[in-house]
Amino acid sequence: MPLAAAAASQTSTGEAVQFWILGTVAVLGALGTVLMKKSIHSALSLAGTMIVLAVFYLAQGAYFLGVVQIVVYTGAIMMLFLFVVMLVGITAADSLKETLKGQRVMAAVCGLGFGILLIAGISNASLHTFTGLGQANTVDGGNVQGLAHLLFTKYVWAFEITGALLITAAVGAMVLTHRERTEERRTQRELSEARVREGRQVTPLPAPGTYARHNAVDIPALLPDGTISELSVSSTLRDRGQIRDVSGDAMRRLADLEQSSERWLGREGERPAAERSERAGLAGRDNDRAEEGAK
Amino acid sequence: MNPANYLYLSALLFTIGAAGVLIRRNAIVVFMCVELMLNACNLAFVTFSRLHGNLDGQVIAFFTMVVAAAEVVVGLAIIVSIFRSRHSASVDDANLMKL
Amino acid sequence: METLIGLLVAAPLLGAGVLLTGGKRLDRVGHWIGTLLALLSFVFGVVLFADMLGKDADARTLTSHLFTWVPVGGFQADVGFQLDQLSMTFVLLITGVGTLIHIYSIGYMAHDERRRRFFGYLNLFLAAMLLLVVADNYFLLYAGWEGVGLASYLLIGFWQHKPSAATAAKKAFIVNRVGDIGLSVAIMLMFTTFGSFAFNQVLPQAQQASTTQHATITGIGFMLLLAACGKSAQVPLQSWLGDAMEGPTPVSALIHAATMVTAGVYLITRSGAIFNAAPDAQTAVVTVGAVTLLFGAIVGCAKDDIKKALAGSTMSQIGYMIMAAGLGPIGYVFAIMHLVTHGFFKAGLFLGAGSVMHGMNDEVDMRRYGGLRKYMPITFVTFGLGYLAIIGFPGLSGFFSKDKIIEAAFAKGGTEGWILGGAGLLGAAITAFYMTRVMLMTFFGEKRWVPDAEGHEPHPHESPSSMTIPMIILAFGSVFAGAFFSLNSRFVHWLEPVTGHSEGDSPVSAGTVTAATMAVLVVGVGIAWLMYGRRPVPSLAPRGSLLTRAARRDLLQDDFNHVVLVRGGEHLTRSLVYLDHSLVDGVVNGTAASVGGLSGRLRRLQNGYVRSYAVSMLGGTAVLVAATLLMRAV
Amino acid sequence: MSFPLLTVTAAVPAVGAVVTAAVPAAQRTAAKYTALLFSLATLVLAAVVLVRFDPGGNRYQLTESHAWIKDFGLRYELGVDGIAAVMVALTALLIPFVMLAGWHDADPLEDVNPNRRWRPTQGFFALILLVEAMVVLSFEATDVFLFYIFFEAMLIPVYFLIGGFGDRAHAAGEEEAARQRSYAAVKFLLYNLAGGLIMLAAVIGLYTVTAHQLGTGTFSLQEILSARASGKLHIETSTERWLFLGFFFAFAVKAPLWPLHTWLPNAMGESTAPVAVLITAVVDKVGTFAMLRFCLQLFPEASKWATPVILVLAVISIIYGALLAVGQRDIKRLIAYASVSHFGFIILGIFAMTSQGQSGATLYMVNHGISTAALLLVAGFLITRRGSRLIADFGGVQKVAPVLAGTFLIGGLATLSLPGLAPFVSEFLVLVGTFSRYPVLGIIATLGIVLAALYVLVLYQRTMTGPVKAGIEGMSDLKARELLVVTPLIALLLFLGVYPKPVTDIVNPSVNHTLSDVHKTDPKPALEAKK
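Chains as they are written, first to last, in UniProt numbering: chain A, 1 to 295; chain B, 1 to 99; chain C, 1 to 634; chain D, 1 to 531.
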């Protein structure tokens, strides 16, 4: 991409091609942001649009902004979004079904009307040529220097205020997300007493990870009758439906493992598969019991 | 190429963002749409800067970015604290602002 | 000497101030302070009188300007005094009788724990009444006028724990206020006509003004008459006087017999110049006087309550005075003369009645008296002398003054003269009747005593000397005052410079009138003796004829008031309260409700969904953009 | 530049309000004394204003003038004429009594945690001082817009005083009391705001008129007057009438004039007696005062045009208010309707356009302030003792509390304009002033004095006389603090009743100025006119 040309007063054909291609991408990204069902997808689409915009900035001679757009916006702010999406839960997808009566119609009317008005307004203006930033970018020795010159002279007041705003926002965010402890922290003794008084789960919660092959916090423990113990996995995972089902799939894999080891030992095909799986279940239960006893 | 094309793109992105704000219920997505609108404005500013041949437009775009950052920080904090108390990130669930 | 006029008023005012704010500390000496200050005022009066006698008849008027009260533009109200012979007469009467009644009250109110306050009120009354008669302008007179009304209100309602007393006090004040409208409108008329309301500005110009402003002068006359009717209990504003007897008896004697109720007579006599210039108003005055003298007399015949009978009599006697005052220069002097003699004998009669009540456990019903002459000899004698004076027994003071009024009435001339003279004669007959009735029922016949509500048997006894001495002095006055005034037309010469006097030409000779008066007197006394002296008096009132029953109820005037004014007023206020709530307030509340309803509708737009608000924001922005573009395009 | 006496007079209570509000929650008594001290300081300053005012001098004295918002011609202009000086003095005089009378009205009910940061007492006294500051400023402002600001702003503290510190003596229970209180407060606010908004429109209209004709718009009363006098400013008849109506409506609501009076009985009934005094004796006076200062001076022709209607409304107010007072069962509402009647007299006097009428009306404002304060504050003591404001709950008070009954009677007698007490002088002046130009209206208005006697004496009879009713037996007589409130007021009533000259001397020249504004002179006596 010819950087020098971007600052010129005339647009090159190359820039036109770039505009039409990347502009399409940007619009698609924007539409994706609005229409994607999952917020993580929306975020990614938005990031795409932003990167395209960064390119446009660079193409138009706003080198500093182009870089900032990528580093700060796409890099930092979008990451912040992703963090929050993670905190709130990526699967909390909102349906696109409208619940407010007439909202969509009104939104369409207003949005379209507004867009048409904007476009009409722009087309009304007689914009034919760029003045170009060639001079502005060179007078102080570069785009960054030029911006800095403006920021610290003409806009220094606004700059300071914006700085104050940013600080306030940072403090505000901390205040907002900080959870005030409204009551005395309960001691371990009180907690255990409360547990006994409630009488529902006197013992500690069962640990997950039957047949753990790795850090298997998503694998519930199995109760003696073969069902899974809901209590053994985190409630967050449970809500997200991310509990791994051990009963069928895992058993089968275990059986395969046994089989392969037997094969490796040269005792292939001695027992039927059904019997094997039953024994595996029993073994699992034994294992469970042993674990509980240990606790 | 007509310089106005950048502005048309900017207007289009802005409108899409605005529509997103109106249609989506997930507060995070709504915020993303707001970001989209801000970015569309920034594009217009940068284009104006080039049209006029001075850097003031870029300075404004810069400020917009800072303000957007501040807004995102506070906004997301609000979303998080609302989510904590209501277990929902839907803007329709926060509808106490009526009699 | 001029400052003495101020002191005359100030002394009892000071007494009132000290007694009413002094608190319980003064309880033991309060009555002495009050009496002393009243006496002091009397002494000032006598000194002034002596001074006045030493001057020429035409130069006897003393004036004193204290300070400007209300100076606003042309409206200059001063606090200034004018003491002439007319005022002097009143000053002596007020302070003299007033002092006697203070002394009487020491004994009469001895057992009342609020005696100090009673004396405070009495002093307040004296001050206001003196202010009324020595004021040099109508505005200050009005202040005294209302002041005596206040004192009367306080004293009638002195026993406030009795609802009847409180009601009577309120009634007296309000009826008086109706009369006060008259006085205030009269003052306003004077101000708009003469630009002043001082006696020395208005009165000399009245005659001349009546040529151009006849209607106004007549209006002033009517308004003054309205005021006099209120204060002097003349028909149609007489209804309060009977009820006013709820007050302690000394009050009835001082205020509601001797002094305050005669203020109307003073007002009319004082404004003689205006009435002289307004014959229509004079006719109204004599009509009111004649009607009242008969009205009061009839009411007096029917009452069994001794004080109410005397109140009817007061009304009737003041009717005489008003009638005389309405006759113009031929009557003014005799009005005042009757006023003075009436002050003596009526005060004496009331004090006597008080003495009787004092001895009879505060019983007021004459049907439960009887035969008291043996038990209360002094009271009997003094009351008897008062009785003889009021019926006009020859030689006693009532004879001289009343006879003169009847003569003057005939001297008015024409049909009017005959009617008024006839009314006067008829009134004299009825007076003789009802007073004889009172006398007979109270002091003669057999005992009809009954135990009071608490079962105490009455033990009639003579009152203490603090009560009897004033009665004796007043009886003295009732006997000799008339003769003293009439000798050499002393009183006429005394007052003539102020009120003017003309003899008039009577169609009947003085002797004839006197003979006629004597004749009706005998008839009245005779009938009364036949009815109450020869036959025993039933201790429960018989049903009586229609007239008697009407008279017992003050000739239905109260019933009329009750139905028309009280009931009507209640309905009016109640419906206004309702209207205020439903109509005036309702319109406003209705507006509020409809706005509320509208905003309730509009509130639906405010559904709490942020996205809805965002839509309206975007819509609004679109409209603004459109407007901007359009403005550009145009 | 001379010492800004007027600003300071208003600033002292304003500062006092802040200081009082800042007193720590637990130090309630200290807050009361602080507030009282500031109100007394204001009284001293107001007395200085009165003394420094020279009746023979300029029309407006002690003036201060500073540009405020140049672009809109807003000025900070203060100045007093005789009427304003007297009204400022009245305001400053009454506030200490209001505070003393309401000494315990805002004490928290028992069992309040002393550590709570709840501070109603501080708030109560601070709000009273705030009202005082606003009222004083609206009496002093000679810039129409400046006046408007304070005229409206005083609604806010009064609103909180009515709604936040209601009468504790309520028959229908706590909840109903709260409901009625908020109704009364909102009604007060809405009525006055409605009037104020219309006035705002008229104020802006006045500005556009002056801007159009003088080149630069102005709100300054004196500039407008001098421009009109020099012929530079000529407001068209119809414009003048509309502007007049806009101003008058706001003042008539505040005054209040029939039929805009219905907020007053509610507001006075539901608030505590001291606050009711504040409303009727101080705040409402701004309405009648403004009629004199703004309606007549700014729009003389329109005032004359509207006079017949206004006079009739005033007479209706007199009679109607008095009749409704007779029909009331609630002591404070009775006094409120009596006040409606009295405000009718004041407006009658103002628009009779005679020197007696207007001097009388000004004097009436002062006297009504004092007499209503006396009557209402004693009524407040009575109500607090019994815990009820229904007349029927009283009877025979005179027997157990004679001093209370006596002061109540004196207050009542002042209300019914007994000669010797101050209101008589003013009432008679108003009547004479009216009568000399409009005899029929004068006579009808005179009927009001009978009705006044009726409602006062009926009230006295039912509450004070007769046998002692249940609930009255143990009633205590006035305490030292209460006597301290009542005695000076009564003394003042007596003094001004006998010697009102000091006040009339200050007021008369200003009234003559106002009359010359409307080109009216007193009618000549008929006899002189003939000659």
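Beta carbons are placed, not taken as given, at the ideal position from N, Cα and C, and that holds for glycine.
Please confirm if Gln398 (chain D) has its CB atom under 9 angstroms from at least one CB of chain C. Within the fourth sequence, the letter at position 398 stands for residue 398 (chain D). For Gln398 (chain D), the answer is yes, since a Cβ of chain C falls inside 9 angstroms of its Cβ.
What's the gap between the Cα of Ala89 (chain B) and the Cα of Val88 (chain A)? Start at 1 with the first residue of the second sequence, and residue 89 (chain B) comes out as number 89. Start at 1 with the first residue of the first sequence, and residue 88 (chain A) comes out as number 88. For Ala89 (chain B) and Val88 (chain A), the distance between alpha carbons rounds to 7 angstroms.
As assigned by DSSP and simplified to three states, the class of Asn137 (chain C): In the third sequence, counting from the first residue as 1, residue 137 (chain C) sits at position 137. The answer is strand: DSSP assigns Asn137 (chain C) an E or B state.
For the region 619-631 of chain C, which residues have a beta carbon sitting closer than 7 angstroms to at least one beta carbon of chain A? Interface annotation for the region 619-631 of chain C against chain A: Gly619, Thr621, Ala622, Val625, Ala626 and Leu629, criterion Cβ-Cβ distance under 7 angstroms.
Can you name the residues of chain C whose CB is closer than 7 angstroms to the CB of Val80 (chain B)? If you number the second sequence from 1, residue 80 (chain B) lands on position 80. The premise fails here: Val80 (chain B) is roughly 17 angstroms from chain C at the closest Cβ pair, so nothing lies under 7 angstroms.
Mind checking whether Arg115 (chain C) and Gly149 (chain C) have CB atoms under 9 angstroms apart? Here residue 115 (chain C) refers to the residue found at position 115 when the third sequence is read from its first residue. Here residue 149 (chain C) refers to the residue found at position 149 when the third sequence is read from its first residue. Not in contact: Arg115 (chain C) and Gly149 (chain C) (Cβ atoms no closer than 9 angstroms).
So Arg611 (chain C) contacts chain B; which residues on that side make the cut at Cβ distance below 9 angstroms? Within the third sequence, the letter at position 611 stands for residue 611 (chain C). By Cβ distance, chain B contributes Val21, Leu22, Ile23, Arg24, Arg25, Val30, Val91 and Asp92.
Do the region 177-187 of chain C and the region 242-254 of chain C make contact, defined as three or more Cβ pairs closer than 8 angstroms? Counting Cβ pairs under 8 angstroms, fewer than three are found: no touch.
Length of the line joining the Cα atoms of Leu7 (chain B) and Arg604 (chain C): Mapped onto the second sequence, residue 7 (chain B) falls at position 7. Mapped onto the third sequence, residue 604 (chain C) falls at position 604. Cα to Cα, Leu7 (chain B) sits roughly 38 angstroms from Arg604 (chain C).
Can you have a look at Tyr578 (chain C) and say buried or exposed, based on whether 16 or more other CB atoms are within 10 angstroms of its CB? For the purposes of this step, residue 578 (chain C) is taken as residue 578 along the third sequence, with counting starting at 1. Answer is exposed; the Cβ neighbour count stays below 16.
In the DSSP assignment, find the unbroken beta strand (DSSP E) run with Val364 (chain C) in it and report its ends. Taking the first residue of the third sequence as 1, we reach residue 364 (chain C) at position 364. No beta strand (DSSP E) contains Val364 (chain C), which DSSP labels as neither H nor E.
Check whether the Cβ atoms of Thr372 (chain D) and Thr407 (chain D) sit closer than 9 angstroms, and answer yes or no. If you number the fourth sequence from 1, residue 372 (chain D) lands on position 372. If you number the fourth sequence from 1, residue 407 (chain D) lands on position 407. For Thr372 (chain D) and Thr407 (chain D), no; Cβs fall outside 9 angstroms.
Sort out for me which residues DSSP pairs Gln76 (chain C) with in a bridge. Counted from its first residue, the third sequence places residue 76 (chain C) at position 76. DSSP output for Gln76 (chain C) lists C:Pro71 as bridge partner(s).
When you compare the CB positions of Glu35 (chain B) and Gly53 (chain B), do they come within less than 9 angstroms of one another, or not? Position 35 of the second sequence, counted from the first residue, corresponds to residue 35 (chain B). Position 53 of the second sequence, counted from the first residue, corresponds to residue 53 (chain B). No, these two residues do not count as a Cβ contact at 9 angstroms.
Is the Cβ of Ser42 (chain A) closer than 9 angstroms to any Cβ of chain B? Your numbering for residue 42 (chain A) matches position 42 in the first sequence. Residue contact with chain B for Ser42 (chain A): present (Cβ-Cβ distance below 9 angstroms to some residue of chain B).
Cut-off 6 angstroms between Cβ atoms - residues of its own chain near Lys520 (chain D), not counting five sequence neighbours on either side: Sequence index remark: in the fourth sequence, residue 520 (chain D) carries index 520 (1-based). Met353.
Against chain D: residues of the region 135-161 of chain C by CB proximity under 7 angstroms: Contacts with chain D (Cβ-Cβ distance below 7 angstroms) from the region 135-161 of chain C involve Tyr142, Ala143, Glu146, Gly147, Leu150, Gly157, Gln160 and His161, listed in chain order.
Under 8 angstroms, with one C-beta from each stretch per pair, do the region 486-499 of chain D and the region 278-286 of chain D reach the 3-pair mark? Counting Cβ pairs under 8 angstroms, fewer than three are found: no touch.
DSSP three-state assignment for Ile235 (chain D), whether helix, strand or coil: As a first step, residue 235 (chain D) must be located in the fourth sequence, where it is residue number 235. Residue state, collapsed to three classes: coil.
Excluding the 5 residues preceding and the 5 following Ile70 (chain A) in the sequence, name in chain order all residues of the same chain whose CB lies nearer than 6 angstroms to its CB. Numbered from 1 along the first sequence, position 70 holds the residue referred to as residue 70 (chain A). Closer than 6 angstroms at the Cβ level, and outside the excluded window around Ile70 (chain A), lie Ala54.
Any beta carbon of chain C sitting closer than 9 angstroms to that of Leu9 (chain B)? Taking the second sequence and counting its residues from 1, the one referred to as residue 9 (chain B) is at position 9. Not an interface residue.
Coarse secondary structure for Arg75 (chain D), derived from DSSP in three states: As a first step, residue 75 (chain D) must be located in the fourth sequence, where it is residue number 75. Per DSSP, reduced to three states, the secondary structure at Arg75 (chain D) is strand.
Gly392 (chain C) to Ala335 (chain C), Cα distance in whole Å? Taking the third sequence and counting its residues from 1, the one referred to as residue 392 (chain C) is at position 392. Taking the third sequence and counting its residues from 1, the one referred to as residue 335 (chain C) is at position 335. Cα to Cα, Gly392 (chain C) sits roughly 15 angstroms from Ala335 (chain C).
Supposed close pair Thr91 (chain D), Phe139 (chain D) - CB separation, criterion 8 angstroms: Mapped onto the fourth sequence, residue 91 (chain D) falls at position 91. Mapped onto the fourth sequence, residue 139 (chain D) falls at position 139. That belief holds up - the Cβ atoms of Thr91 (chain D) and Phe139 (chain D) are roughly 7 angstroms apart, short of 8 angstroms.
Apply the 10 Å Cβ neighbour rule to Ala3 (chain D) and answer buried if 16 or more other Cβ atoms are within range, or exposed otherwise. The sequence position of residue 3 (chain D) within the fourth sequence is 3, counting from 1. Strictly speaking, residue 3 (chain D) in this sequence is Phe, with Ala absent from that position. By the neighbour-count rule (16 or more Cβ atoms within 10 Å), Phe3 (chain D) is not buried but exposed.
If we call anything under 9 angstroms between Cβ atoms a contact, is Thr292 (chain C) one with Ala233 (chain C)? Position 292 of the third sequence, counted from the first residue, corresponds to residue 292 (chain C). Position 233 of the third sequence, counted from the first residue, corresponds to residue 233 (chain C). Result yes, Cβ atoms of Thr292 (chain C) and Ala233 (chain C) sit closer than 9 angstroms.
Amino acids of chain C, ordered along the chain, whose beta-carbon sits closer than 9 angstroms to that of Ala107 (chain A): Here residue 107 (chain A) refers to the residue found at position 107 when the first sequence is read from its first residue. By Cβ distance, chain C contributes Arg611, Ala614, Val615 and Leu618.
Reduced DSSP secondary structure (H/G/I, E/B, other) of Glu258 (chain A): Working through the first sequence from its first residue, we reach residue 258 (chain A) at position 258. Note: Glu258 (chain A) maps to helix in three-state DSSP.
CA-to-CA distance, Ala592 (chain C) to Asn266 (chain D), given in whole angstroms: Here the question's residue 266 (chain D) lines up with position 266 in the fourth sequence. Here the question's residue 592 (chain C) lines up with position 592 in the third sequence. Distance between the alpha carbons of Asn266 (chain D) and Ala592 (chain C): 16 angstroms.
Gly166 (chain D) in three-state terms, based on DSSP: Against the fourth sequence, residue 166 (chain D) aligns to sequence position 166. In the structure shown, Gly166 (chain D) sits in a strand (DSSP, three-state: E or B).
Cut-off 7 angstroms between Cβ atoms - residues of its own chain near Phe49 (chain C), not counting five sequence neighbours on either side: The sequence position of residue 49 (chain C) within the third sequence is 49, counting from 1. Same-chain partners within the cutoff: Met88 and Leu92.
Buried or exposed: which applies to Met134 (chain D), given that a residue is buried once 16 or more other Cβ atoms fall within 10 Å of its Cβ? Here residue 134 (chain D) refers to the residue found at position 134 when the fourth sequence is read from its first residue. Under this definition Met134 (chain D) is a buried residue.
Cβ neighbour criterion (16 or more within 10 Å) applied to Lys97 (chain A): Here residue 97 (chain A) corresponds to residue number 97 of the first sequence, with the count starting at 1. It counts as exposed.
For Leu572 (chain C), go through chain D and note every residue whose CB falls closer than 8 angstroms to its CB, in chain order. Residue 572 (chain C) sits at position 572 when you count from the first residue of the third sequence. Those are Leu323, listed as they occur along chain D.
Quick one: using the 10 Å Cβ neighbour count with 16 as the cut-off for buried, is Ile161 (chain A) buried or exposed? Taking the first residue of the first sequence as 1, we reach residue 161 (chain A) at position 161. Ile161 (chain A) comes out exposed.
Of all Cβ atoms in chain C, is any one closer than 9 angstroms to the Cβ of Ala526 (chain D)? Mapped onto the fourth sequence, residue 526 (chain D) falls at position 526. For Ala526 (chain D), at least one C-beta of chain C is nearer than 9 angstroms to its own C-beta.
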